[in-house]
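Engineer: In terms of the UniProt record's numbering, the sequence shown opens at residue 1 and continues consecutively.
I'd like to ask some things about the structure below.
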Amino acid sequence: MHCPFCRNADSRVVDSRSTEDGTCIKRRRQCTDCGKRFSTVETASLTVVKRSGVSEPFSRDKVMSGVRKACQGRPVSDDQLAVLAQQVEESIRSKGAAEIDAHDVGIEILGPLRELDHVAYLRFASVYQAFESLTDFEDAVADLRRHALRDAG
Ligand SMILES: [Zn+2]
């Protein structure tokens, strides 16, 4: 990071703090040459690797649009989708890895989606867990029932 005032390449960090959601680190720096202070924001990068081997930056919008498809016709709002995407990002980032398989992103979505809407969950799970038969659906429904019972105490 070059000093924006004199282009000196060297600076020292005088203060750093992470944003509330932990995705960015803000640093206050002081140029070692001219002594002026400036701020930088560093985003902890998170890369999603697709099955094709292509990688792209993690995007909450992509999570939302994928889940939105599964939620068609269901009483799920965009606000709820945004919260879900945030939960997914936080749970992935909390693992500390800089890279994640697209398939694992799908798996991370399943938990919060199950809480949101059972039908959307089944649609999504049928794609991500590659359901091939009625038995797969039956198992998933049985699993949902178990969770519902447990949540009901
Ligand atoms: Zn400077």
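C-beta: ideal position from N, C-alpha, C; glycine also.
Apart from the five residues just before and just after Thr32, which ones in its own chain have a Cβ nearer than 8 Å to its Cβ?
Structural biologist: Asn8, Asp10, Ser11, Arg12
Engineer: What number of angstroms, rounded off, separates the C-alpha of Val54 from the C-alpha of Asp104?
Structural biologist: 15 Å
Engineer: Using alpha carbons as the reference points, say which of Leu134, Val88, Glu99 lies closest to Pro57.
Structural biologist: Glu99
Engineer: Measuring alpha carbon to alpha carbon, tell me which residue in Gln87, Asp15, Thr40, Leu149 is nearest His2.
Structural biologist: Thr40
Engineer: Can you grab the Cα-Cα spacing for the pair Lys36 / Thr43, in whole Å?
Structural biologist: 23 Å
Engineer: Report whether the distance from the Cβ of Lys36 to the nearest heavy atom of ligand 1 is below 7 Å.
Structural biologist: yes
Engineer: Please list the terminal residues of the continuous alpha helix (DSSP H) segment that includes Glu108.
Structural biologist: Judged by DSSP secondary structure, Glu108 falls within the alpha helix (DSSP H) whose first and last residues are 102 to 116.
Engineer: Just how far apart, CA to CA, sit Asp143 and Thr47?
Structural biologist: 31 Å
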